[in-house]
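Reviewing the structure listed below.
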Amino acid sequence: KGSFGQVVKAFDHEEQTQVAIKIIKNKKPFLNQAQIEVRLLEMMNRADTDNKYYI
Numbered sequence: 001k002g003s004f005g006q007v008v009k010a011f012d013h014e015e016q017t018q019v020a021i022k023i024i025k026n027k028k029p030f031l032n033q034a035q036i037e038v039r040l041l042e043m044m045n046r047a048d049t050d051n052k053y054y055i
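Residue numbers for the sequence shown follow UniProt numbering, beginning at 1 and rising by one.
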């Protein structure tokens with residue numbers, strides 16, 4: 001648990017693998033930062049064409 005929110009471990013039944021889920025605090029500055037983070041992760045995922053890094 002941190003100042004941004006918390007990360008929990010979960011199981012993706014479709015992919016049959018462990019995943020991490022980030023739960024952010026319900027405040028506008030955290031929402032804005034999370035949206036930036038999502039866009040960055042999407043860009044990184046598109047660059048990982050071999051799905052080597054599981055982004």
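Beta carbons are placed, not taken as given, at the ideal position from N, Cα and C, and that holds for glycine. All of these numbers come straight from a predicted model, not from anything done at the bench.
Those runs of the alpha helix (DSSP H) which lie wholly inside the UniProt domain "Protein kinase" (1–55) and span at least 4 residues: 28–47, all fully within the UniProt domain "Protein kinase" (1–55).
Distance, threonine 17 Cα to lysine 9 Cα: Per the coordinates, the alpha-carbon of lysine 9 lies some 11 Å from the alpha-carbon of threonine 17.
Chain-order list of residues whose beta-carbon lies under 7 Å from that of phenylalanine 30 (same chain, five-residue window excluded): Closer than 7 Å at Cβ, skipping near neighbours: Phe4, Gly5, Ile24.
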